[in-house]
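Q:
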Amino acid sequence: MKKFWLVTVVGLAGALIGPVAQAQDELVPIQLSYVRALTQQARYQEALAVATQVLETHPTSAPALVLRARVYMVLERPELAMGDLAGAIQAQPDYAPAYVTRAQLRLRLGPGSVAAAQDDFRQAQEQATLAIRKNLNDLEALLARAMALEGLGQPEEALKDLDAALATNLWLAEGYFLRAQVQERRGKRDLALQDYAKALEANSLYAEAYLSRGLLFQMEGDAERAEQDFTHALEVSPGCAAAYLLRGNLSAQQHPGLAAYRDWQQAAALDPQGAVGRAAQQALAVAEAEAEQEVAGEELEELLARAEGLWLQERYYDLLRLTTAALAQHGDSTEMLVWRGRTQNALRRYLEAQRDFTQALTPRADYAAAYLGRGQSWAALGEPAQAEADYAQALKLADTALADDPQNAAALVVRGRTHAAQGKNELAVADFTAALKLHPELIAALIGRGWVYLDLGQPEAAVADFTQALKLKPEAASAWLARGVVSQEGRQQLDLAIEDFTQAVTLNPECAEAYFRRGTAWERQGKLEQALADFGMAIRADPGATEAYNNRGALLHAMGDLRRALVNLNQALKLQPDYPDALHNRALVWREQGAFDAALADLTRLIELRPQDAGAYNERGITYALGKLDYDKAIADFSHALQLAPDHAEAYANRGSAYRDKGEYGPALEDYTRAIELDPQADLTYESRGRTYHLAGQLDAALQDLTKALEMNPQNDSAYAARGLVYASRQQAPEALADLNQAVAINPRNADAYYNLGFIYGRLKNNDLALQNYSQALELVPTWGRVWYLRGAIYSGLQNWPLAISDYNQAVALGYAPPELYVNRGYAHNALQQWVQARVDWQQALAMDPQGQAGAVARKNLEDLARRGY
0 MKKFWLVTVV
10 GLAGALIGPV
20 AQAQDELVPI
30 QLSYVRALTQ
40 QARYQEALAV
50 ATQVLETHPT
60 SAPALVLRAR
70 VYMVLERPEL
80 AMGDLAGAIQ
90 AQPDYAPAYV
100 TRAQLRLRLG
110 PGSVAAAQDD
120 FRQAQEQATL
130 AIRKNLNDLE
140 ALLARAMALE
150 GLGQPEEALK
160 DLDAALATNL
170 WLAEGYFLRA
180 QVQERRGKRD
190 LALQDYAKAL
200 EANSLYAEAY
210 LSRGLLFQME
220 GDAERAEQDF
230 THALEVSPGC
240 AAAYLLRGNL
250 SAQQHPGLAA
260 YRDWQQAAAL
270 DPQGAVGRAA
280 QQALAVAEAE
290 AEQEVAGEEL
300 EELLARAEGL
310 WLQERYYDLL
320 RLTTAALAQH
330 GDSTEMLVWR
340 GRTQNALRRY
350 LEAQRDFTQA
360 LTPRADYAAA
370 YLGRGQSWAA
380 LGEPAQAEAD
390 YAQALKLADT
400 ALADDPQNAA
410 ALVVRGRTHA
420 AQGKNELAVA
430 DFTAALKLHP
440 ELIAALIGRG
450 WVYLDLGQPE
460 AAVADFTQAL
470 KLKPEAASAW
480 LARGVVSQEG
490 RQQLDLAIED
500 FTQAVTLNPE
510 CAEAYFRRGT
520 AWERQGKLEQ
530 ALADFGMAIR
540 ADPGATEAYN
550 NRGALLHAMG
560 DLRRALVNLN
570 QALKLQPDYP
580 DALHNRALVW
590 REQGAFDAAL
600 ADLTRLIELR
610 PQDAGAYNER
620 GITYALGKLD
630 YDKAIADFSH
640 ALQLAPDHAE
650 AYANRGSAYR
660 DKGEYGPALE
670 DYTRAIELDP
680 QADLTYESRG
690 RTYHLAGQLD
700 AALQDLTKAL
710 EMNPQNDSAY
720 AARGLVYASR
730 QQAPEALADL
740 NQAVAINPRN
750 ADAYYNLGFI
760 YGRLKNNDLA
770 LQNYSQALEL
780 VPTWGRVWYL
790 RGAIYSGLQN
800 WPLAISDYNQ
810 AVALGYAPPE
820 LYVNRGYAHN
830 ALQQWVQARV
840 DWQQALAMDP
850 QGQAGAVARK
860 NLEDLARRGY
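Its first residue numbered 0, the sequence shown is counted upward by one per residue in numbering that gives the first Met the number 0.
(1) Check whether the Cβ atoms of Asn715 and Leu739 sit closer than 8 Å, and answer yes or no.
(2) Between Ala225 and Ala198, what straight-line distance do the alpha-carbon atoms span, to the nearest angstrom?
(3) Report the three-state DSSP secondary structure of Thr100 (helix, strand or coil).
(4) Helix, strand or coil: which one does DSSP assign to Trp263?
(5) Please report the straight-line C-alpha distance between Glu512 and Gly689, rounded to a whole angstrom.
(6) Jot down the residue ranges of each uninterrupted alpha helix (DSSP H) in the segment 386-427, minimum 4 residues, whole runs only, in chain order.
(7) Around the Cβ of Ala727, are there at least 16 other Cβ atoms within 10 angstroms (buried) or fewer (exposed)?
(8) Looking only at C-alpha atoms, which of Val835, Ala846, Pro849 and Leu789 sits nearest to Asn823?
(9) Please identify the residue among Arg246, Val451, Leu299 and Ala720 whose C-alpha is closest to the C-alpha of Ala540.
(10) Indicate whether the contact test is met: 3 or more Cβ pairs, each with one atom in the segment 25-41 and one in the segment 49-58, closer than 8 Å.
(11) If you count every other CB in all the chains shown that lies within 10 Å of the CB of Asn549, and 16 or more means buried, which is it?
(12) Have a look at Leu135 and Glu149 and give me their C-alpha separation to the nearest angstrom.
(13) Are there three or more Cβ pairs, one per stretch, closer than 8 Å when the segment 247-262 is compared with the segment 281-293?
(14) Taking just the CA atoms, how far does Asp160 sit from Ala242?
(15) If distances are taken between C-alpha atoms only, which option among Leu26, Arg42 and Met72 comes closest to Ser60?
(16) Kindly give me the distance between the Cβ atoms of Leu220 and Ala232, rounded to whole angstroms, as I take these residues to be in contact under 8 Å.
(17) Could you check the C-alpha separation between Gly620 and Glu710 for me, to the nearest Å?
(18) According to the neighbour-count rule (16 or more other Cβ atoms, all chains shown, within 10 Å of its Cβ), is Gly17 buried or exposed?
(19) Answer with buried or exposed for Met218, where buried requires no fewer than 16 other C-beta atoms within 10 angstroms of its C-beta.
(20) Below 8 Å, can you find three or more Cβ-Cβ pairs linking the segment 429-443 to the segment 379-390?
(21) Helix, strand or coil for Trp377, going by three-state DSSP, please let me know.
(22) What three-state label does DSSP hand Thr672 in the structure shown?
(23) Consult DSSP for Leu911 and reduce its assignment to one of helix, strand or coil.
(24) Look at the alpha carbon of Thr603 and the alpha carbon of Arg609, and state the distance between them as a whole number of angstroms.
(25) Is the segment 479-499 in contact with the segment 317-332, if contact means three or more CB pairs nearer than 8 Å?
(26) Between which two residues does the alpha helix (DSSP H) holding Glu301 run?
(27) So the alpha helix (DSSP H) Pro876 belongs to, where does it begin and stop?
(28) Would you decide whether Gly374 is buried or exposed? Buried here means 16 or more other CB atoms lie within 10 Å of its CB.
(29) Compute the Euclidean distance between the alpha carbons of Gln575 and Leu599, then round it to the nearest angstrom.
(30) For Pro801, report the span of its alpha helix (DSSP H) as first-last.
(31) Determine the direct distance from the alpha carbon of Arg785 to that of Arg132, and round the result to whole angstroms.
(32) Using the Cβ count rule (16 or more neighbours within 10 Å means buried), how would you classify Thr672?
(33) Out of Ser332, Leu319 and Ala157, which one is the CA nearest neighbour of Glu298?
(34) For the putative contact between Ala752 and Ala742, defined by C-beta atoms under 8 Å, what is the C-beta separation to the nearest angstrom?
(35) Identify whether Asn765 lies in helix, strand or coil by the three-state DSSP scheme.
(36) Let me check understanding here. Comparing Cα to Cα, which of Asp646, His418 and Leu360 lies closest to Ala613?
Shown next as structure tokens:
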């Protein structure tokens, strides 16, 4: 169950830190930091778009122009890069990064630009030195001068500047990255590898560092670690064409074949007009020429048989390579065109598939299988009318073929597959069964009927068909996969499913669906690392595997890696913009990161797509309550969820929390009670109701519920903390301290418990323990103004006036400044004979609380100061 109604002060502090209205000028540094981050992640098109957006409103921003120029350089647009750099220098002639970047660009343009590049390096050094004289910790100037010095042939001096930058900021990923490159060019590869590792420790999403380190590993002859780094680059930047190209090239050197072909295909698709894409296209052309030579002289029937075998093994990239090579030799083969079209469908290249099916139909308008394949392409593209038209034509042709020859098993299989595509499962079973009566060994009919049986909720029949297929063709990875799916979904036998999926990937190490399915099985068994590895293998085998990205993102979220979770969920939604599960999962990550507007946007879109999804309303209600403190909207969403799902215990509990936070304890208690009736094992709901009873002043009921919660879950630290507060309200200090100490023993990061321990120890005049616990709370939540104030009050009681004033000052800086604080700080200043400061503080307290107790004390103290002549 969701735990928002148990939000601690830590959680609330994060929840209240949201976007604030800022002037455009104040937003520019944030946007430029984002451009840098996107560039480091090798997300160059996105970086280009953000930099251009900044320049639309700030056309003379030298930092923005330089950042965009660097992106243009990566994208091999030197003329645009040079234009931006000229604009940056014109706008800000003393901006060293502009000169050093232009120098680097000129070096790329050839020997004729070396002299001009050296002039730019010298100018960069001069301007950076001036900036550093003004501010020794100017990181941008230190990095720029380092690059200028290296360009001028002074790498040792460059390293000194990089060391100085890193001494100023130990987490400066770019500094480690640049130092690694300097070390690499000096031939100090071990030192370079150390710095690349530090860059990645500072920024785990630094794709450029993974690529550079991977290339260095490759030069060192460590192909395995090089491949790992190229893969890591793709994990943090799924659209990085360079990583696919480099990994493909490495694969071609180590084990030529499918892996390289697949990666080159992806690189070419991601960067069709760029240098990376062109290199991938050249590699593909060579590979396809080699494939054509491999099939030269083979008879068409042999090639078609090989195609069917690869299909049964789900070796789609091998099949694409084979069919493309075969069509170069047998361009008029409609059967081969259909095989390639089916392969394109399997790889989600639906437009390419349609072209193949349409080409097959041009000379052979009676080809039912081509209409079926094209119909499936239309369906995948979201065009149901066109799909049904093609299905109808496929059925018509199959019926005609069967009228001419009732023993035509192939026509029966096509008709069965078409009926299955239409969701007409009973008709599909009849067709496949008829085909099997004619040819009991027909694998396509067995597998087709098995899948339909699974859809019909007949897992035993499905298993029987897939098992029979495996007896006939043990190497059919598709049958192992299919039987594993039945064990997983239809029979809930995860161990058997994992065995079958493992057999599938053993036969076909590129079977993305088997890796994905096995990953979901591992996850259900709680074996998260194995699941994560399999989702990664699924994505490697199929870079368009939307579900694998979604599941890996959700799993990374569960494992606490929010940054990488977001990368994966963004990629899932890039591949399929309205993928409901990914919208849901990304919303949860946004919410945990405190990006509540983004979370609300995703959940609202999810509700538009699934208006009957009670869970989506429940999650949006949590987000309104937690992120916006908008309890009315939260209650409306929880209520809508309950209209859709009247037995939704979590929605009742969440609505109860929203009522409680509005101060409406009666409705809150009613909702909690209903939630407990629906889910009597929900310890968190007992805890929430106990907290609410406490707020309502019903201490005995509160104690009973919290004790019940702890009986159900003795490791619930927040329930111990809550019960400790109830004991405190009952003036049972020993019991309160015991529970609160138990809370921090279970969870040493429970800041609330430390705060309350500090408060109780303070009341008991145990100042040492009060200070200790307040300090622990502040270590966990350094922005907690009230605790700074309370610790200051303890220091005041100990007459440690300087420390008291320091804590009071910190509280004020954080926005916590009740009139009592000014009274107390005034006393501290007075004790130190700082009369002016004391008078200012007491005047502030009086202004804030002229009719209250704090104001009365301040007034009396001011009168006393005046009598003494201060």
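All C-beta atoms in this analysis are idealised placements derived from N, C-alpha and C, irrespective of residue type, glycine included.
A: Straight from the coordinates:
(1) no
(2) 17 Å
(3) helix
(4) helix
(5) 47 Å
(6) 408-420
(7) buried
(8) Leu789
(9) Arg246
(10) yes
(11) buried
(12) 20 Å
(13) yes
(14) 30 Å
(15) Leu26
(16) The identity of residue 220 in the sequence shown is Gly, whereas the question assumes Leu. So it is not a contact: roughly 20 Å between Cβ atoms.
(17) 29 Å
(18) Confidence at Gly17 is low in this model, with a pLDDT of 27, below 50, so its placement is unreliable and the value that follows should be read with caution. By the 10 Å Cβ count, Gly17 comes out exposed.
(19) exposed
(20) no
(21) helix
(22) helix
(23) Outside the modelled stretch of the chain, which goes from 0 to 869, sits residue 911, for which no answer is possible.
(24) 10 Å
(25) no
(26) Leu299 to Leu311
(27) Residue 876 falls outside the range modelled here, since the chain spans only 0 to 869, and no answer is possible.
(28) buried
(29) 19 Å
(30) Trp800 to Ala812
(31) 41 Å
(32) exposed
(33) Ser332
(34) 4 Å
(35) coil
(36) Asp646
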